[in-house]
Every structure is written in C-alpha cells, then in structure tokens.
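Participant: Sharing a structure, written as structure tokens. Questions coming.
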Amino acid sequence: MAYFIAKRLVQSVFVMLAVAFLAFSLFRFVGDPITQMTGVETSVADQERLREELGLNDSFALQFARFTGDMLKGDFGFSYRTRQPVAEMIATRIPATLELGVVALLISLFVGIPAGVYTALRPRGFATQAILMATLVGVSIPTFVIGIMLIFFFGVQLGWLPTFGRGGTVKLGGWETSFLTVDGWRALILPAFTLGVYQLTLTMRLVRAEMMEVMRSDYIRFATARGVPMRRLYFRHALANTMVPVITIIGLQFGGVIAFSIVTESVFQWPGMGLLFLESIRFVDIPVMGVYLVVIAFFFVVVNLIVDLLYVAIDPRLRIRDVS
Amino acid sequence: MLRVEHLTVKFPSRFGDVTAVEDMSLSIAPGEIHGLVGESGAGKSTVGAAIIGLLQQPGYIANGDLMLGDTDLRALDRFEAHALRGKRISMIFQDPQTSLNPLMKIEDQLVETILAHEDIPSNDAKKRAIDLLEEMGIEDAASRMQAYPHQFSGGMRQRVVIALALCTNPELIIADEPTTALDVAVQSQVLDLIRRLADIRKVGFILITHDIGVIAQIADTVTVMRYGKLIESGATAQVLGHPKHAYTKQLMDAVPPLDRKITRFRVPEEDDGLAASGPGKGDAAEAWLLEGVRQQAVGLSLQNITVEFPGTRTSIWHKPKPFVALDDISFDVQPGSVMGIVGESGSGKSTLAKTLTGLITPSSGGMTLGGSPLPGGKTRSRHHPSRQLIQMVFQDPFSSLNSRHRIGTILAEPLWLYGLVNDSDERRDLCIDMLSLVGMDPDAIDKYPHQFSGGQRQRIAVARALLARPTILICDEPTSALDVSIQAQLLNLLKDLQAAFGLTVLFISHNLSVVRQMADDIVVLRNGRIQEKGASEQVFETPEADYTKKLLSLTPVMPHDWSL
Chain A
1 MAYFIAKRLV
11 QSVFVMLAVA
21 FLAFSLFRFV
31 GDPITQMTGV
41 ETSVADQERL
51 REELGLNDSF
61 ALQFARFTGD
71 MLKGDFGFSY
81 RTRQPVAEMI
91 ATRIPATLEL
101 GVVALLISLF
111 VGIPAGVYTA
121 LRPRGFATQA
131 ILMATLVGVS
141 IPTFVIGIML
151 IFFFGVQLGW
161 LPTFGRGGTV
171 KLGGWETSFL
181 TVDGWRALIL
191 PAFTLGVYQL
201 TLTMRLVRAE
211 MMEVMRSDYI
221 RFATARGVPM
231 RRLYFRHALA
241 NTMVPVITII
251 GLQFGGVIAF
261 SIVTESVFQW
271 PGMGLLFLES
281 IRFVDIPVMG
291 VYLVVIAFFF
301 VVVNLIVDLL
311 YVAIDPRLRI
321 RDVS
Chain B
1 MLRVEHLTVK
11 FPSRFGDVTA
21 VEDMSLSIAP
31 GEIHGLVGES
41 GAGKSTVGAA
51 IIGLLQQPGY
61 IANGDLMLGD
71 TDLRALDRFE
81 AHALRGKRIS
91 MIFQDPQTSL
101 NPLMKIEDQL
111 VETILAHEDI
121 PSNDAKKRAI
131 DLLEEMGIED
141 AASRMQAYPH
151 QFSGGMRQRV
161 VIALALCTNP
171 ELIIADEPTT
181 ALDVAVQSQV
191 LDLIRRLADI
201 RKVGFILITH
211 DIGVIAQIAD
221 TVTVMRYGKL
231 IESGATAQVL
241 GHPKHAYTKQ
251 LMDAVPPLDR
261 KITRFRVPEE
271 DDGLAASGPG
281 KGDAAEAWLL
291 EGVRQQAVGL
301 SLQNITVEFP
311 GTRTSIWHKP
321 KPFVALDDIS
331 FDVQPGSVMG
341 IVGESGSGKS
351 TLAKTLTGLI
361 TPSSGGMTLG
371 GSPLPGGKTR
381 SRHHPSRQLI
391 QMVFQDPFSS
401 LNSRHRIGTI
411 LAEPLWLYGL
421 VNDSDERRDL
431 CIDMLSLVGM
441 DPDAIDKYPH
451 QFSGGQRQRI
461 AVARALLARP
471 TILICDEPTS
481 ALDVSIQAQL
491 LNLLKDLQAA
501 FGLTVLFISH
511 NLSVVRQMAD
521 DIVVLRNGRI
531 QEKGASEQVF
541 ETPEADYTKK
551 LLSLTPVMPH
561 DWSL
C-alpha cells in the first residue's frame, strides 16, 4: 500500500516536471520576453541590461532550474499586463473556479448517478426514454448556448436569478466564498448547472451502461436467487461494483471541468481562473498563462491520485496484503 | 416435494415464439438428487430458471404446473416469488469465481441473506454463518469469514457459494453445473458435500450438468433432455444402465472411458449441418498438406525448462519472490506421436504451451525442435521457422477467432503470412478444401465466426492451424468448452488428421479420460513439476506417482455393471 502510494507520488512529480517544462518553454520561446515587457522607447542597452538582470542569457538548463525553483518557492513571477504578482492574481481567482467546479460536480453526481441507476433498472420505461432523449439534446448543444438560454429564461424573462458575477461573497481568511450568502448561492446555480450538464449526462450514461452490465453478472443473479432484498441488491451489490470504472471517468472529467470552465466563466462573467486565462490570452500575458498551465496540471495530478486511492478503498482486490 | 408437469417455456422473437422447453415433467422428493443431463441448448438451465422464477427476459412460461409442496409457483406475484427465493428454493451457479460479489466480505453476504429471510438478531445470524461454513469444511470459519471472495481458492469459494445457498434452509437447491469449473479433486469433494447434504439435511437437489460421469456418481434419478424435450427419465441405474432411448445410448457412447483406450468414438447423429468429409472432398487440401509434411515429422525436446513470473512488488527495498510456474521440466516428444499433458488448474500446462510457442521466455533451460535449438520467448525472432512449424489450437473457440473477420480471411492468414500460397484465388480454393477436410460446408468461407457453434469454430481453429503446414500441433484443452458428442467428433477428427499427416501433437487437458484416448505418451504435471511421465497406457494401467493414482481415483467414471 505504502509502496503503491509512493510509486504514484513519484509519477506525479515527473508529470509536474514535464508540465513545468512546457510552461517554461512557453514563457521563454513564445516571443521574446524582453520586447513584451518593454516599450518601443526602451534603448537597446537598457534591454540588454534587463536581459542580463533577468538571467535570460544563462544556459537553458540553468534557466529551467531557476524557473522550477521559483515555482516551488511560490514565486510565480509578474504579470505583463497588470504588473501584479501572478501568485496573487491566481490565488484570488482560485476559490471562484473551485467552488463553481465542485458545485457542478455535485450536481452531476447527485442527479447523474440516481438517473443512471433508474434508467438501467427500467430500460424500457417511458421515463427512461424521456431522460435519455433529454440528455442527448443536452450534450448536443454547446455549453455556451445552454448558458445563454438559461440566462435568457431564468435571468431575463423570469428574473429569478442573477445573470453574471458571484453575487454576495464572504472572506474566510484568504478564501472568498459564495457558499455563505443567499445571493452567492443564487448567482452560483446557473453557471454551475451549465458547467455540470455535460458531465451529468456522461455520468448518467456511464452509470447506466455499467449498471446494466453488472445486473447481468453471475453474482447479481446468485444474490437474486437467494432472495436478497431488491433495494439492497441494487444499491449495495450492484452500485458499488458499478462505481469502479465510473470513478475514473468522473475523476478525469472533474479535472476537465476545472480546466475548461473557461467558456462558462466567460458567458456568466464569473471571476475565476478561466476568465483570467481568457484575458491573459487576449493580452498575450505569458507568465499568467504558464502558471495557469501548471496549476491546472496540479489539479489533474491531485484528482487522479485521489481516484487511485478511491479504487483501493472500494475494491478489496487491489489491496495487497492477501490472506491466502 | 417439487412437481413440474408439462412445463413449456417460450421466448418471443421477431419470427414468432421460440420454444426452449416443451412439455417437461419431473418430480423430486426431499433428499433426492435429480440429475438433469443434456448437451448445450437442451434447455436444462431454462428448466432450472423457470422453477426459481428467474427466466431471462423476455422468456415466459407458456404452459404447465410448477408445485413446490402446496405452493403453486406460477400463481405467486413478483414480491412473493422473490421472498420465496432463498427461503425455499436456492441456486448454485457454475463458476465460483464470478458468483460472489467481489466487493463484499463473505460474512456480510451470508448474514444479509439470513437476515433477508429471518427476523433474528444479527449475532445469531453470524453464529449460524460460522457453523455453516465449518460444516462445509472451511476451517477457522470465524476469521476466514472476514475475508473477501478473491482470497479463497476455487474449491473453497464453491463451498462458500453452497453455504450461501443453504443458509436459509431451503427445501430445494438447483445446482447449475456446480463442478464444471473445478478440478477433479475439488469436484469430488464438492459432490461428496452435495450428497451428504441431501442425505442428512434432506435437501432436494436438481443437478444440471452435461457430465454423465457426475450424474452416474451421485444422482438418484436422472432426466435426459435434448432440444428442450424430455428424452428419458427414471432411476439413474435404470436410465444409464439400460438406456431405452437411442439418444441416451449415443450420449453414453460419446463419453470417453477412463479405463480403456478406444480407437474411434461413435458419434450421435447430428442435425446441425456438418458436411461429412466423404471421398473427393478435401483431397486437394490433403495433398497440399502431405506435400508439406513429406519433409518428415520432427520431435520436440525440453531440457530443464524453468519459468518464473515476477511476484507482486510490495516494497521499494525487498525484491519480490518470483512465482515458479514451471520447475525443471524435461521431456521428449517422439516424432509423429501424441504427447498428453495432464494436470489440474495452476499446474503449468498452459504456461508450457506458451513457452513452446515462444510467448513466454523461460528463465533457464533449453528446447530443441527436431534437433535444432529452439530459442525461447523474446529471443525467438519473428521469422524463426518454428513460428510456422508449431501451431496451436486454443481452449475457447469463442475468443480464439477474430469476430470481425470472415472465415476466409482467418484461414488465409497463415498462407500469406508464411508465404505458402501467394495467389489469392489459390488461397481461397485451398481454404474451401480445407474446410471440407475438417468436415465443414464450403460456404462457411464467407461467414463470420459468430454464425457457428462452438464445435464448428473449433474445427475452423484446427483448419487454421493446419493451413500453416505445421509439424507440431499444440492443442490446449481443445474440447473442454464442448459437449461430449461434439468433443467425440473433434477428437475423431484430430486422430484422423494426426494419423494422415504424421503430426506431432501436444495434447493438453485436465480430463484424464480424453487424454487416455489421444495420447501415446503422457506427462503428469502438478504445481509446475513433473509428477510422472511414461507411455500413456502404462501410466493409466499402473500409475506410479501417488498424485496420478489420486487423480485417477477421483475422476468420476461410469460403472460397468449397474445393480438395479
């Protein structure tokens, strides 16, 4: 077990190094950083002095080592656009994106899993067909269209919910949360649903397919044959066995939700990392883009590590100490 | 106790209802073991499923009475039927590897089943579970109960399965091929257990199986089925000792005897459209093959082969102990002879086959093919001649043929791969002729594997192996997925081909009776070690190793004289 975790951690370090390298190359080789930082009126001598000060004349390996070292120390450099420390910019944006992502994930789980189970158990029912149709429409429409439709309907026509921003937020230490105010929650509903709808469909269809497979297995037939109560059969025997492959996909998708919340954040003017990334692209703000890359990769790595550990928690066959 | 009368089960389909079981009647008294025997597709399992109310959708009972004691099973609604399952009728499935929930402890599975049917404190349920497991022969049940299914061996798992079926004291247990997936030693233990439970606890059993030897050993009464219809039924000694119906006789003739070697099997008449390999058919393929083997048969020899697999790594500092799959194996296969390899699961039979075909690298030892050294595993190059000369027929005909390729494509592959026939029309003609040679219709060439039965697919697999013009044919359990009558046909075919082309055959099987019919020499393997080797007849008549004796004594056989 300890060996398994250690192995995964070492692998994660290599993944992070590879991403750091990408981010570094982006910073170093997409355009000349000096011309980006300085204006037209800066003299060539000054440019040269700056180049020397920033260590851009050092060897490639040394520069990369310095870049990685700075990252580890939490020094992410400065934004070209706002001249603020990138670390600070990202830190103020992270809570918004994370909260949005988590709520989207929870919506997709709490709706997707029960819906998947239901549609698996009543494969021919009218409700099942209706759900399958509706979700098919849901995935076929691009996220931004769903977002705009939701804004139009609930925000503009009915006027029930705010259409942009985070609403009321409360500062908890360095963490700005919308979970503690009614306004915050109201502002969260539409974007979270928009972001979660694709994952919801995916979770539902996956749970459905896996569940139907499991329901055909010998051990379910055997449990039925010995009269295990149906509720227990579905939720204790079948669902647990369904979850092993489902967790992988949910894990990968959650990383994706965080990373690609860009569109949703832009539609709802949600002040998260996605919006920041979009602004950075517009102004070719390479340091921010590089750090964004590293932070997102870090999320992926952490989520995958959690998924691996969940496997072990769910499936006793993966635990190594065997009795026989 | 159980009375089934005129049971008819139908499955609706696009072309009208398909009748799976027709006018089936049987009755079982408490403590009686009733054997239900027949080949695949005979409707045995459907009868069992109909009784317990678990027919696969959309099948339904069209007619008949099902009475358990005074309860009319057909009159029950969904909830009553489910409450009755486990309580009064229970079931044991074929494969103990898959019939337990892998994510739940044995204890939880037992306790939940008991509590589902009885309103008792969970401590009492737990106590009963422990007693029951101990009765099934699981030592130290209280602590073993905390384990998960994967921590038990196959035989132990089947005991757990039986304990689960029994934990609510049902009157009737339907055992669907309960020992088919088990080794002979474990099989005999499980059969003993079933017999004991019937005698002591007075549980009625329906024993569904295709193995007549098993029926002969423990069933009180037997029903023979074919195509969903009852053929013959009565006391076991009566039906098997003095079969009245021709099909019963044929079925018994197709069972390979353990105590003697017969030259050919008599085969039940078939109506599944196999073309007889009469004169004129397959001649071209035969001539082509003979031309290939005229270069004379070659022998095979293994010297001190050892195969190790790395163990699971649990620590960064300690090297895991390797698992020794084959330990110091040496034997010679004479050119043109059949070498039988016998052993239980885990004995290394298949590892041996993989080593010979170059799929596994042995950690030490050497092999020679017809005198020249045969490199093992990765050291054998892709173009090494042995890749053509050694061909293999696998156990499972359902997964050994690519389901997306037509038969023609599958058969032609060895021909172009080894550069034997370069013209595509010629290849096709040869493939068609080869199909005739193995007893198949020529129009099979444009079909896909799923359009054939298991026996037909295995014939195709043999044809594919032969089209490589091999001198050595390795058959890894070629008949263990097949019915006895199909097995008899395939064994006849293999014997004919072996005799005609002077092939050297390695015949791997766990079934001693089958090996006896095929092999000239035999090697008995256990846990990767050779227990005994020698001429086949000699080993079967006067076995020397204790292990061989034990295997022979445990294999279910049909008695010669039935005392009525």
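Protein chains in written order, with UniProt numbering: chain A, 1 to 324; chain B, 1 to 564. Each residue gets a CB set at the ideal place from its N, CA and C atoms; glycine is no exception.
Report all residues from its chain with a CB closer than 7 Å to the CB of Q217 of chain B; omit the five preceding and five following residues, and keep chain order.
Facilitator: Mapped onto the second sequence, residue 217 of chain B falls at position 217. Once the five neighbours on either side are set aside, the close Cβ partners of Q217 of chain B are L191 and P556.
Participant: Taking just the CA atoms, how far does V111 of chain B sit from T224 of chain A?
Facilitator: Reading the first sequence from its first residue, position 224 is the one you call residue 224 of chain A. Reading the second sequence from its first residue, position 111 is the one you call residue 111 of chain B. T224 of chain A and V111 of chain B: Cα-Cα distance of roughly 15 Å.
Participant: Can you tell me whether Y148 of chain B is buried or exposed, with buried defined as 16 or more other CB within 10 angstroms of its CB?
Facilitator: Taking the second sequence and counting its residues from 1, one reaches residue 148 of chain B at position 148. Classification for Y148 of chain B: buried.
Participant: Does the CB of G227 of chain A have a neighbour CB from chain B at under 9 Å?
Facilitator: Locating residue 227 of chain A in the first sequence gives position 227, where the first residue counts as 1. Yes, its Cβ sits closer than 9 Å to a Cβ of chain B.
Participant: What's the C-alpha gap between D272 of chain B and S485 of chain B?
Facilitator: Numbered from 1 along the second sequence, position 272 holds the residue referred to as residue 272 of chain B. Numbered from 1 along the second sequence, position 485 holds the residue referred to as residue 485 of chain B. No answer about D272 of chain B holds up, because its pLDDT of 44 lies below 50 and its placement is not dependable.
Participant: Determine the extent of the beta strand (DSSP E) in which Y60 of chain B is found, giving its start and end residues.
Facilitator: As a first step, residue 60 of chain B is located in the second sequence; it is residue number 60 there, counting from the start. That run of the beta strand (DSSP E) goes Y60 to L68.
Participant: At the 9 Å Cβ level, is T224 of chain A part of the contact set with chain B, yes or no?
Facilitator: As a working note, residue 224 of chain A is residue 224 in the first sequence. Yes, T224 of chain A lies at the interface with chain B (some Cβ there is under 9 Å from its Cβ).
Participant: Taking C-beta pairs closer than 8 Å, name the residues in chain B that residue 362 of chain A reaches, listed in chain order.
Facilitator: No answer is possible for residue 362 of chain A: the residues shown for chain A start at 1 and end at 324.
Participant: Per the DSSP calculation, W270 of chain A is bridged to which residue(s)?
Facilitator: As a working mapping, residue 270 of chain A is identified with position 270 in the first sequence. DSSP lists no partner for W270 of chain A.
Participant: Taking the alpha carbon of G358 of chain B as the point to measure from, which residue in B:G346, B:L389 and B:G336 has its own alpha carbon closest?
Facilitator: Along the second sequence, one-based indexing puts residue 358 of chain B at 358. Of the candidates B:G346, B:L389 and B:G336, the one whose C-alpha sits nearest the C-alpha of G358 of chain B is B:L389.
Participant: Please state the DSSP three-state secondary structure of M558 of chain B.
Facilitator: Counting from 1 along the second sequence, the entry for residue 558 of chain B is found at position 558. In this structure, M558 of chain B counts as coil in the three-state DSSP scheme.
Participant: For A328 of chain B, report the span of its beta strand (DSSP E) as first-last.
Facilitator: Position 328 of the second sequence holds residue 328 of chain B. Per the sequence presented here, residue 328 of chain B reads as Asp, with Ala not at that position. Element bounds for D328 of chain B: F323 to V333.
Participant: Which same chain residues end up closer than 8 Å to R406 of chain B when comparing Cβ atoms and leaving out the 5 residues on each side of it in sequence?
Facilitator: Position 406 of the second sequence, counted from the first residue, corresponds to residue 406 of chain B. The residues are I445, D446, K447 and Y448.
Participant: Could you spell out the range, first to last residue, of the alpha helix (DSSP H) harbouring K229 of chain B?
Facilitator: As a first step, residue 229 of chain B must be located in the second sequence, where it is residue number 229. Run containing K229 of chain B: none in the alpha helix (DSSP H); it sits in the beta strand (DSSP E), K229 to A235.
Participant: Quick check on W175 of chain A: does DSSP put it in helix, strand or coil?
Facilitator: In the first sequence, the residue the question calls residue 175 of chain A occupies position 175. The answer is strand: DSSP assigns W175 of chain A an E or B state.
Participant: Counting along the chain, where does the alpha helix (DSSP H) carrying L529 of chain B start and finish?
Facilitator: Within the second sequence, numbered from 1, the residue matching residue 529 of chain B stands at position 529. In the sequence as presented, Leu is not what sits at residue 529 of chain B; that position holds Arg. Run containing R529 of chain B: none in the alpha helix (DSSP H); it sits in the beta strand (DSSP E), R529 to A535.
Participant: Restricting to runs no shorter than 3 residues, where is the beta strand (DSSP E) found entirely within the region 332-364 of chain B?
Facilitator: Taking only runs of at least 3 residues, the beta strand (DSSP E) segments lying wholly in the region 332-364 of chain B are 338-342.
Participant: Using 10 angstroms around the beta-carbon of D44 of chain B, count the other beta-carbons present and answer buried if the total reaches 16, otherwise exposed.
Facilitator: The sequence position of residue 44 of chain B within the second sequence is 44, counting from 1. Before going on, a small fix: residue 44 of chain B reads as Lys here, not Asp. K44 of chain B comes out buried.
Participant: Kindly indicate which residue of B:L115, B:V184 and B:R74 has the alpha-carbon position closest to the one of I51 of chain B.
Facilitator: Here residue 51 of chain B corresponds to residue number 51 of the second sequence, with the count starting at 1. Answer by Cα proximity: B:R74.
Participant: Who are the near neighbours of G408 of chain B in its chain, counting only those whose CB is closer than 7 Å to its CB and skipping five residues on each side?
Facilitator: Looking up residue 408 of chain B in the second sequence gives position 408. Closer than 7 Å at Cβ, skipping near neighbours: R428, C431, I445 and D446.
Participant: Let me check one thing: in DSSP terms, what residues is H34 of chain B bridge-paired to?
Facilitator: Position 34 of the second sequence, counted from the first residue, corresponds to residue 34 of chain B. Answer is B:I206 and B:T221, bridged to H34 of chain B.
Participant: For N402 of chain B, does the count of other Cβ atoms within 10 angstroms reach 16, so buried, or fall short, so exposed?
Facilitator: For the purposes of this step, residue 402 of chain B is identified with residue 402 of the second sequence, where counting begins at 1. Counting Cβ neighbours within 10 Å, N402 of chain B comes out exposed, since fewer than 16 surround it.
Participant: Apply the 10 Å Cβ neighbour rule to L36 of chain B and answer buried if 16 or more other Cβ atoms are within range, or exposed otherwise.
Facilitator: Here residue 36 of chain B is taken as the residue at index 36 of the second sequence, counted from 1. The residue in question, L36 of chain B, is buried, as its Cβ has 16 or more Cβ neighbours within 10 Å.
Participant: Could you pull out every residue in the same chain whose Cβ sits closer than 6 Å to the Cβ of S400 of chain B, ignoring the five residues on either side in sequence?
Facilitator: The sequence position of residue 400 of chain B within the second sequence is 400, counting from 1. Cβ within range, chain order: F394 and A461.
Participant: Would you tell me roughly how many angstroms separate the C-alpha atoms of S536 of chain B and I474 of chain B, rounded to the nearest one?
Facilitator: Within the second sequence, the letter at position 536 stands for residue 536 of chain B. Within the second sequence, the letter at position 474 stands for residue 474 of chain B. Between S536 of chain B and I474 of chain B, the C-alpha separation is close to 17 Å.
Participant: Could you tell me which residues DSSP puts in a beta bridge with M24 of chain B?
Facilitator: If you number the second sequence from 1, residue 24 of chain B lands on position 24. Beta-bridge pairing links M24 of chain B to B:L7.
Participant: Between the C-alpha atoms of Y418 of chain B and S386 of chain B, what's the straight-line distance to the nearest angstrom?
Facilitator: Locating residue 418 of chain B in the second sequence gives position 418, where the first residue counts as 1. Locating residue 386 of chain B in the second sequence gives position 386, where the first residue counts as 1. Computed Cα separation, rounded: 11 Å.
Participant: Hey, could you find the ends of the alpha helix (DSSP H) N241 of chain A is sitting in?
Facilitator: Position 241 of the first sequence, counting from 1, holds the residue named residue 241 of chain A. Start and end: L239 to A259.
Participant: Given a cut-off of 9 Å, decide if E279 of chain A and residue 328 of chain A are closer than it, judged by their beta-carbon atoms.
Facilitator: The structure shown does not extend to residue 328 of chain A, since chain A is modelled only from 1 to 324, so the question has no answer here.
Participant: Check this for me: beta carbons of A120 of chain A and V228 of chain A, under 9 Å apart or not?
Facilitator: Indexing the first sequence from 1 puts residue 120 of chain A at position 120. Indexing the first sequence from 1 puts residue 228 of chain A at position 228. Result no, Cβ atoms of A120 of chain A and V228 of chain A do not sit closer than 9 Å.
Participant: Using DSSP with H/G/I as helix, E/B as strand and the rest coil, what is G169 of chain B?
Facilitator: Numbered from its first residue, the second sequence carries residue 169 of chain B at position 169. This sequence places Asn at residue 169 of chain B; Gly is not what is there. Coil.
Participant: Please tell me whether A127 of chain A and M204 of chain A are closer than 9 Å, where the distance is taken between their beta carbons.
Facilitator: If you number the first sequence from 1, residue 127 of chain A lands on position 127. If you number the first sequence from 1, residue 204 of chain A lands on position 204. Cβ atoms of A127 of chain A and M204 of chain A: not closer than 9 Å.
Participant: Report yes or no: is there a C-beta of chain B within less than 9 Å of the C-beta of M230 of chain A?
Facilitator: Walking along the first sequence from the start, residue 230 of chain A turns up at place 230. Chain B contact via Cβ: present.
Participant: Compute the Euclidean distance between the alpha carbons of G155 of chain A and Q57 of chain B, then round it to the nearest angstrom.
Facilitator: Position 155 of the first sequence, counting from 1, holds the residue named residue 155 of chain A. Position 57 of the second sequence, counting from 1, holds the residue named residue 57 of chain B. If you take the alpha carbons of G155 of chain A and Q57 of chain B, they lie about 48 Å apart.
Participant: So, is the C-beta of D308 of chain A closer than 9 Å to a C-beta in chain B?
Facilitator: Numbered from 1 along the first sequence, position 308 holds the residue referred to as residue 308 of chain A. No - not a single Cβ of chain B is within 9 Å of the one on D308 of chain A.
Participant: Should the region 52-59 of chain A be called in touch with the region 255-262 of chain A, which here means at least 3 C-beta pairs below 8 Å?
Facilitator: No: fewer than three Cβ pairs fall under 8 Å.
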